[in-house]
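Residue numbers (numbering that gives the first Met the number 0): 0 to 574. Heads up, the beta-carbon is just placed ideally off N, CA and C, and yes, glycines get one too. Everything on this sheet refers to the single structure shown next.
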Amino acid sequence: MADNKNPFAVRVQDLVYNVELGLGLRLIQGALYILVILLLMVGFTAKRFAGLKEAEAMDYAQLGRNLMEKHRLVTQDIRPASMWYLIEKSHQHNPQMEQHPDIVHPPLYPALLALGFRATRESFANPQISGVFTPEQWIIVPFGHLCTLLSGLLVYLFGRRLFDHRHGFWAMTTFYLSATAWELSVSGLNLSLLVLLALGTWYFALWAVEQRQENPTSHHWLGLLLLSLLCAVAAVYTRYIGAVIAPAVALYVGLAWRKENGWRWAVAYIVLFALALLPWEVRNVFISGGPFGLAPYLALNDTKLFEGDTFERMLAPVLSFSRVFRTLTGKWITNFIQLYDQPVRRLGDGLFICFFLTSFFFQFSRPQVNLFRWCAGAGLLLFLLVAPLFDDTTQRALAIFWPLAIVYGMAFFFVLLQRMQFRLRLLNQSMIVFFVFLAALPLILTLVPSRVGPPYPPYYPPFIKRVSNLMRPNELLCTDMPWATAWYGNRDSLQLPTTIDEFYAITDNTRAIRGLYFTTITRDKKYVHELLTGPYRSWFPLLEGRIPGDFPLNQGFPLNNMDQVFLTDRTRWGD
């Protein structure tokens with residue numbers, strides 16, 4: 000007898016089946032997963048972000064705005080050391096105070112911010128700031144979130160390619176439940192972008208190697224290797240410490256293809272990598288006289304020779320090879336010990352980095368998995384050799400190895416779980432969930448306290464905007480937080496020189512300084528060690544309110560119960 004079922008009823012049954020067991024169920028699960036991640040992202044931002052609190056984040060932000068408005072990479076955060084460098088090293092022997100070139104940072108992150116700032120251009124003209132600055136809320140933080148979301152997707156693809164879908168899914172979930180990932184995302188720094196580019200470099204290189212081994216006659220692997228190279232170059236254009244990634248990838252390519260002219264491809268990878276950096280190096284040589292400008296010299300900050308940020312605040316530092324070598328050696332030893340003792344072992348809140356490091360004593364079944372792990376370990380070692388010479392933010396770039404630690408740590412956990420031989424599948428899944436919960440616990444505890452307030456002291460945009468508005472756009476302000484007055488106030492801002500004599504030298508011979516703005520960055524220094532007898536001793540009388548008779552800035556007022564002081568050359572607040 001013929002089947003006389005109603006076609007509509009059949010379609011309804013198919014739909015119900017798909018929703019319960021088929022493609023529809025997977026789509027619903029995927030949509031719920033995405034919704035949870037987005038809610039987590041929004042909740043973390045609401046709880047943990049009330050404005051930028053990193054000096055470097057503000058520095059990059061003002062570079063992005065200047066690039067949008069002036070179409071040049073010029074900075075309003077002027078360091079006395081960069082003035083010295085341009086006078087001594089550049090072909091012009093001129094500090095270029097009116098359009099001061101940035102000779103510290105690579106250009107990619109400011110360029111991407113400049114593209115985004117076009118959407119919030121009107122907010123820069125607003126004479127007041129209330130609440131979170133609009134470009135931070137709608138451009139800087141969302142861009143960090145976008146990089147984090149894409150990084151999580153690459154973690155999944157990475158885990159699936161090295162192991163399988165289950166590894167990739169749980170590694171991605173762990174990444175999204177990581178306090179480390181979201182803290183970087185809302186910091187305003189370029190580290191989220193650097194993590195994304197590092198993942199892209201490694202993933203496309205891994206894919207290229209596997210593609211060539213599986214299908215030697217096809218040339219698709221060459222395009223993948225070029226994508227890896229592009230990401231490696233972009234990582235350096237984002238942050239110079241990103242240069243540690245390319246040698247590790249070249250080592251992997253050389254060893255993986257050692258029977259197929261692999262070392263030639265490894266050398267070609269490094270050569271093309273170096274050639275791609277030449278345009279930026281030529282720009283720096285033309286402007287400043289050095290391929291990386293002042294950036295390598297900033298290793299002298301926070302050393303026995305230059306305490307704290309003394310070097311970049313110094314107008315005429317005296318350097319000799321022997322003194323520099325000794326002080327950098329001492330700094331490297333001290334910082335290497337600290338970096339190994341804390342950030343390395345606590346990377347990603349500690350749990351997965353332990354499993355990752357322990358996995359080096361285990362041999363996975365696939366040779367490529369083991370080879371890639373050792374090459375990534377070589378990259379980590381190279382990072383540990385370079386990063387201790389520079390600041391804390393550079394050392395935080397250790398986060399580029401966090402996704403790899405998750406993937407390999409999760410894989411090693413699955414090996415241990417398999418050897419426990421749980422018979423109940425529910426118990427097996429419960430152990431996985433508990434393991435991920437332990438990794439997510441720092442994030443959960445981060446979200447429990449009440450919402451953070453504005454990052455004061457020292458940063459309170461209304462105060463900064465008020466002081467900056469008293470200055471004309473073409474006037475120079477001297478302050479202990481020039482990155483903040485440059486970003487929130489849009490004023491050329493000279494970092495406080497080491498001595499008042501250097502202040503006189505700049506205002507008399509280079510460009511007149513019309514305002515002096517002290518904040519808690521200086522006023523909260525240690526009284527004896529730093530203010531009375533230390534590096535700020537020449538500024539101490541001004542901080543106490545004793546203004547020398549010949550000092551050109553003799554008018555002013557305090558802010559917020561003497562937390563801050565503004566001095567200027569005339570009465571401006573009635574203008």
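Point to revise | Endpoints, beta strand (DSSP E) assigned at residue 494 | key: 492-494
Point to revise | Alpha-carbon spacing of residue 214 relative to residue 163, whole angstroms | key: Note on geometry: alpha-carbon atoms of residue 214 and residue 163 lie some 20 Å from one another.
**Study point:** Start-end ranges of the beta strand (DSSP E) lying completely within the region 518-560, minimum 3 residues
**Key:** 554-558
**Study point:** Span separating the alpha-carbon of residue 0 from that of residue 34
**Key:** Reliability of the predicted coordinates at residue 0 is poor, the pLDDT of 45 falling under 50, and no value is obtained from them.
Exercise for review: For residue 361, count neighbouring C-beta atoms within 10 Å of its own C-beta (all shown protein chains included) and say buried if the count is 16 or more, exposed if not.
Suggested key: Classification of residue 361: exposed, given that the 10 Å Cβ count is below 16.
Check your understanding: Excluding five sequence neighbours on each side, which residues of the same chain lie with their C-beta closer than 7 Å to the C-beta of residue 322?
Key -> If the five residues before and after residue 322 are omitted, its C-beta is found closer than 7 Å to the C-beta atoms of 304, all from its own chain and listed in chain order.
Practice item. Specify the secondary structure class of residue 73 as computed by DSSP and reduced to three states. Key: strand
Practice item. Run through the region 205-288 for me and flag every whole alpha helix (DSSP H) of 4 or more residues, listed as ranges in chain order. Key: 219-237, 244-255 and 261-287
Check your understanding: Taking the Cβ atom as the reference point for each residue, do residue 238 and residue 283 lie within a distance shorter than 7 Å?
Key -> no
Practice item. For residue 100, write down the residues that DSSP places opposite it in a beta bridge. Key: Beta-bridge pairing by DSSP links residue 100 to 73.
Exercise for review: Would you check if there are 3 or more beta carbon pairs closer than 8 Å linking the region 103-118 to the region 450-460?
Suggested key: The region 103-118 is not in contact with the region 450-460.
Exercise for review: Can you give me the Cβ contacts of residue 395 inside the same chain, cut-off strictly under 7 Å, excluding the 5 residues immediately before and after it?
Suggested key: 190
Exercise for review: Grab me the residues of residue 564's own chain with a C-beta within less than 7 Å of its C-beta, minus the 5 sequence neighbours each way, in chain order.
Suggested key: 517, 555 and 557
Review point. Relative to the C-alpha of residue 572, which residue among 467, 519 and 472 is closest?
Key: 467
Practice item. Could you pull out every residue in the same chain whose Cβ sits closer than 7 Å to the Cβ of residue 169, ignoring the five residues on either side in sequence? Key: 409, 431 and 435
Point to revise | Start-to-end residues for the alpha helix (DSSP H) that takes in residue 142 | key: 140-161
**Study point:** residue 94 to residue 84 span [Cα, whole Å]
**Key:** 8 Å
Check your understanding: DSSP beta-bridge partners for residue 515?
Key -> 477 and 566
Review point. Is the region 55-71 touching the region 482-490 in the sense that three or more CB pairs, one from each, lie closer than 8 Å?
Key: yes
Check your understanding: Are residue 244 and residue 231 closer than 7 Å when you measure CB to CB?
Key -> yes
Review point. Taking the alpha helix (DSSP H) that residue 394 falls in, what are its first and last residues?
Key: 391-395
**Study point:** Limits of the unbroken alpha helix (DSSP H) element including residue 95
**Key:** In the DSSP assignment, residue 95 falls outside any alpha helix (DSSP H) and carries neither an H nor an E.
**Study point:** Limits of the unbroken alpha helix (DSSP H) element including residue 488
**Key:** Here residue 488 belongs to no alpha helix (DSSP H), and DSSP marks it neither H nor E.
Review point. So, do the region 121-139 and the region 59-72 have three or more beta carbon pairs nearer to each other than 8 Å?
Key: yes
**Study point:** Best match in 366, 458, 255 and 196 for proximity to residue 227 [C-alpha to C-alpha]
**Key:** 196
Check your understanding: Less than 7 Å separating the beta-carbons of residue 143 and residue 155?
Key -> no
Exercise for review: Could you say which of 414, 315, 534 and 127 lies nearest to residue 357 if we only look at CA atoms?
Suggested key: 414
Exercise for review: Quick one: using the 10 Å Cβ neighbour count with 16 as the cut-off for buried, is residue 543 buried or exposed?
Suggested key: Exposed.
Review point. Of the residues 119, 320 and 330, which one's Cα is nearest the Cα of residue 302?
Key: Distances from the CA of residue 302 to each of 119, 320 and 330 were compared; the closest alpha carbon is that of 330.
Review point. Do the CB positions of residue 427 and residue 433 come within less than 7 Å of each other?
Key: no
Practice item. State the CB to CB distance for the pair residue 224 and residue 204, rounded to an integer number of angstroms; the pair is presumed to be in contact (CB under 8 Å). Key: 7 Å
Check your understanding: Taking the continuous alpha helix (DSSP H) assigned at residue 584, which residues delimit it?
Key -> No answer is possible for residue 584: the residues shown for the chain start at 0 and end at 574.
Review point. Which of the three DSSP states, helix, strand or coil, is assigned to residue 362?
Key: coil
Exercise for review: Would you mind sorting residue 417 into buried or exposed? The rule is 16 or more other CB atoms within 10 Å of its CB.
Suggested key: exposed
Review point. DSSP on residue 32, reduced to helix/strand/coil?
Key: helix
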